[in-house]
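Under this note's numbering, read the sequence shown as residues 692 to 802, first letter to last.
One structure is given here, and the rest of the page talks about it.
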Amino acid sequence: MLTIASDVDALARFGRALADPIRCRILLALREAPAHPADLAEKLGVSRTRLSNHLACLRDCGIVVAVPEGRRVRYELADARLGHALDDLRGAVLAVEADRTCAEADEKDCC
Numbered sequence: 692m693l694t695i696a697s698d699v700d701a702l703a704r705f706g707r708a709l710a711d712p713i714r715c716r717i718l719l720a721l722r723e724a725p726a727h728p729a730d731l732a733e734k735l736g737v738s739r740t741r742l743s744n745h746l747a748c749l750r751d752c753g754i755v756v757a758v759p760e761g762r763r764v765r766y767e768l769a770d771a772r773l774g775h776a777l778d779d780l781r782g783a784v785l786a787v788e789a790d791r792t793c794a795e796a797d798e799k800d801c802c
């Protein structure tokens with residue numbers, strides 16, 4: 692059974708992973724298929740150095756894993772459920788955005 696502290700830690704790591712648009716784009720790309728860093732850098736239009744820093748963050752968060760392939764490394768989501776979680780989270784955020792349940796959203800620019 693998970694403790695509250697480990698639940699909070701897991702959510703904080705997921706939040707950290709999603710806190711940067713480039714990391715979000717990496718996760719969405721890896722949700723589609725595993726990829727090599729050079730291919731990801733080209734697909735996302737970022738330098739390999741910048742991509743490497745973001746991949747290190749995602750590895751530290753436990754969200755992606757590096758799989759050795761001879762002299763190359765392939766990155767993939769650490770667990771297939773993370774892809775489903777990204778889909779669910781994106782869908783929920785878009786649904787809430789479309790719903791705009793906050794009556795004062797336009798006045799307060801809060802939602």
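Virtual Cβ for every residue (Gly too), placed ideally from N, Cα, C.
Under the three-state reduction of DSSP, residue 710 is assigned to coil, being neither helix nor strand. Leaving aside the five residues that flank residue 774 on each side, the residues in its chain whose CB is nearer than 7 Å to its CB run, in chain order, 722 and 768. Using a 10 angstroms sphere on the CB of residue 708, the tally of other CB atoms reaches 16 or more, which defines it as buried. Residue 719 is a Cβ neighbour of residue 777, given a cutoff of 9 Å.
A direct Cα-Cα distance of roughly 12 Å separates residue 788 from residue 780.
Sequence-distant partners of residue 753 (beyond 5 residues in either direction) whose C-beta falls short of 7 Å from its own C-beta, in its chain, are 704 and 769. In summary, residue 717 is buried, with 16 or more beta-carbon neighbours lying within 10 Å of its beta-carbon over all protein chains present.
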